[in-house]
Amino acid sequence: MSLWQAPLVFLAAFVAGMMNSVAGGGTLVTFPTLVWMGIDPIRANVTCTVALWPGSLGAMVGFRRELGDSRGWMFLLGAPSAVGGLIGARLLLLTPSPLFASIVPYLILFATVLFAVGEPLMRRLRAKNPVGQIRSRRQERIWWFGAIVFQFFVAIYGGYFGAGMGFLMLAALGLMGMTDIHQMNGLKNFLVVCINLVAAVYFIVSGRVEWAYALVMVVGAIAGGYGGAGLARKLGRSFVRIAVIVIGFGMAVSLLFRD
Numbered sequence: 339m340s341l342w343q344a345p346l347v348f349l350a351a352f353v354a355g356m357m358n359s360v361a362g363g364g365t366l367v368t369f370p371t372l373v374w375m376g377i378d379p380i381r382a383n384v385t386c387t388v389a390l391w392p393g394s395l396g397a398m399v400g401f402r403r404e405l406g407d408s409r410g411w412m413f414l415l416g417a418p419s420a421v422g423g424l425i426g427a428r429l430l431l432l433t434p435s436p437l438f439a440s441i442v443p444y445l446i447l448f449a450t451v452l453f454a455v456g457e458p459l460m461r462r463l464r465a466k467n468p469v470g471q472i473r474s475r476r477q478e479r480i481w482w483f484g485a486i487v488f489q490f491f492v493a494i495y496g497g498y499f500g501a502g503m504g505f506l507m508l509a510a511l512g513l514m515g516m517t518d519i520h521q522m523n524g525l526k527n528f529l530v531v532c533i534n535l536v537a538a539v540y541f542i543v544s545g546r547v548e549w550a551y552a553l554v555m556v557v558g559a560i561a562g563g564y565g566g567a568g569l570a571r572k573l574g575r576s577f578v579r580i581a582v583i584v585i586g587f588g589m590a591v592s593l594l595f596r597d
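Printed below as a string of structure tokens:
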């Protein structure tokens, strides 16, 4: 990593930490930044997962009170999340680098769309609260089984790429009848930690992490998560969301036509 790259990597991680503390979507800044610096896309993805995991852990700790009411869900969905995350990480390292590079713009575009529609979708799902309409035990078991299967596939996506998986989880939890957004965020953060921890350990063992970039990103993300939260609040949640969406679409389009 050159001297001019270090401050840019720090800035990208700082912005990512700030965004994750308010609205999520930080990977949509850090990952394209590393790719644009010439890092192999798979190594860039691996490095982002490892570098941003401490931020996920911090977010989970921040919601520890809400997790006390979600122990049943944690037990039910934790194991599928860890297994799915490992499978996704394995699939990523089995993917040929040229193939992954060709689908990266579409992954970023998909994650950006998830980010854009996530909150409006959540408002609708919370309004419907379908589990409250369930009457039979059989129907309830079907919903719980569906939650496990859905979370398993979300975890595979999370281990493979991950950007936007939080919105998929929140959508699923809304469909399962959870209405307390703080409890939902706490459980979501726990599941993200499960997925990214397993994936990060696997990536570290694989030797694919660009440690010079990762260490700078860890510091930047922590600084952004704490120091940047106040700035993000001053700018406003809507401003941050719009900025993330614009950056995501811009990066996807630019990577599509980069060659």
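Under the working numbering, the residue at position 242 of the sequence shown is numbered 580, and the numbers go up by one with no gaps.
For every residue, glycine included, the Cβ atom is placed at its ideal position computed from N, Cα and C.
Continuous alpha helix (DSSP H) stretch holding residue i: start and end
i, result
"E404", "402–405"
"S419", "409–432"
"W374", "365–374"
With 16 other Cβ atoms within 10 Å as the buried cut-off, status of residue i
i, result
"K572", "exposed"
"L506", "buried"
"V591", "exposed"
"Y540", "buried"
"R473", "For R473, the predicted structure reports a pLDDT of 49, less than 50, and the residue's modelled location is therefore unreliable. A value from the coordinates is still provided. Looking at its Cβ environment, which holds fewer than 16 other Cβ atoms inside 10 Å, R473 is exposed."
"F483", "exposed"
"R579", "buried"
"G406", "exposed"
"P418", "buried"
"L452", "buried"
"I441", "exposed"
"S435", "exposed"
"F488", "buried"
"V455", "exposed"
"Y495", "buried"
"F595", "exposed"
"G545", "exposed"
Segment contact flag, the stretch 343–355 with the stretch 550–566, C-beta cutoff 8 Å, min 3 pairs: When Cβ pairs closer than 8 Å are counted between the two stretches, the stretch 343–355 is seen to touch the stretch 550–566, the count reaching three or more.
Do the stretch 544–552 and the stretch 402–420 touch if we need at least three Cβ pairs shorter than 8 Å? Taking 8 Å as the limit for Cβ pairs, the verdict is that the stretch 402–420 does not touch the stretch 544–552.
4 or more residues per run - each alpha helix (DSSP H) lying fully within the stretch 484–566: Runs found: 503–513, 519–544.
Using 8 Å as the cut-off, can you tell me whether the stretch 495–504 makes contact with the stretch 521–537, which would need three or more C-beta pairs spanning the two stretches below that distance? Counting Cβ pairs under 8 Å, three or more are found: they touch.
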